[in-house]
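Each remark here refers to the structure printed beneath this line.
In the working numbering, the protein residues as written are 10 to 159.
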């Protein structure tokens with residue numbers, strides 16, 4: 010019985026030696042890959058907390074002219090264009106109401122008349138052949154039913 014304890018001690022000792030001789034693990038944050046600059050931080054191009062309709066402040070950049078506001082930013086009166094991009098893939102009749110299945114941004118949504126597909130875009134009508142959506146500037150766009158997918 011004494012030799013079993015000796016063998017177990019040797020095995021345990023060998024395991025501890027192997028653990029101690031292994032290379033230390035690399036840290037989770039690789040500080041050696043960080044690039045350190047001069048310590049000066051450039052002014053931001055725009056303030057993310059300021060509404061987009063406000064004219065941006067002129068920002069002086071080293072090595073170039075001051076940033077100028079674009080014409081689109083200065084004209085706050087112009088309503089946004091109809092930019093919604095959806096695909097009408099099918100419909101379901103449920104309790105006398107037609108529910109449309111649409112793809113938007115890789116996700117399938119189920120919407121009916123009066124529902125919002127996206128903020129500012131409201132479903133006006135749903136038929137088996139097409140869906141009509143009204144945009145924020147009261148412009149309407151019809152999305153026809155897409156064919157069967159392979």
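Glycine included, each C-beta is placed from N, C-alpha and C at the ideal position. Computed from a prediction, not measured in an experiment: that's the story for all the values here.
### Query
Cβ of residue 111 within 8 Å of Cβ of residue 126?
In this structure, residue 111 lies near residue 126, with their beta-carbon atoms less than 8 Å apart.
### Task
Measure the alpha-carbon distance for residue 17 versus residue 36 and round it to whole angstroms.
For residue 17 and residue 36, the distance between alpha carbons rounds to 33 Å.
### Message
So, with DSSP's three-state summary, where would you put residue 35?
### Response
In this structure, DSSP gives residue 35 a state outside helix and strand, which the three-state scheme calls coil.
### Task
Using alpha carbons as the reference points, say which of 105, 19, 107 and 114 lies closest to residue 93.
Distances from the alpha-carbon of residue 93 to those of 105, 19, 107 and 114 put 114 closest.
### Query
Of all the options 90, 96 and 121, which has the alpha carbon lying nearest to the alpha carbon of residue 105?
Selected option, being the one with the closest Cα: 121.
#### Entry: Three-state secondary structure assigned by DSSP to residue 139
DSSP, reduced to helix, strand and coil, places residue 139 within a strand of the structure shown.
### Task
Excluding the 5 residues preceding and the 5 following residue 154 in the sequence, name in chain order all residues of the same chain whose CB lies nearer than 6 Å to its CB.
Within the same chain, residue 154 has close Cβ partners 97 and 138.
### Query
By Cβ distance, which residues of its chain are closer than 6 Å to residue 56, with the 5 residues on each side in sequence left out?
Scanning its chain for C-beta atoms nearer than 6 Å, with the 5 sequence neighbours on each side dropped, one finds no residue around residue 56.
#### Entry: Classification of residue 58 by the beta-carbon crowding that lies within 10 angstroms, buried from 16 upward
When all chains shown are included, residue 58 counts as exposed.
### Query
Can the beta-carbon of residue 95 be found closer than 8 Å to that of residue 152?
Contact flag set, yes.
### Query
With respect to the beta strand (DSSP E) encompassing residue 103, which residues constitute its N-terminal and C-terminal limits?
96-103 is the extent of the beta strand (DSSP E) around residue 103.
### Task
Starting from residue 15, follow the alpha helix (DSSP H) in both directions and report where the run begins and ends.
Boundaries of the alpha helix (DSSP H) harbouring residue 15: 11-30, taken from the DSSP string.
### Task
Indicate the three-state DSSP secondary structure (helix, strand or coil) for residue 153 in the structure shown.
Three-state result, residue 153: strand.
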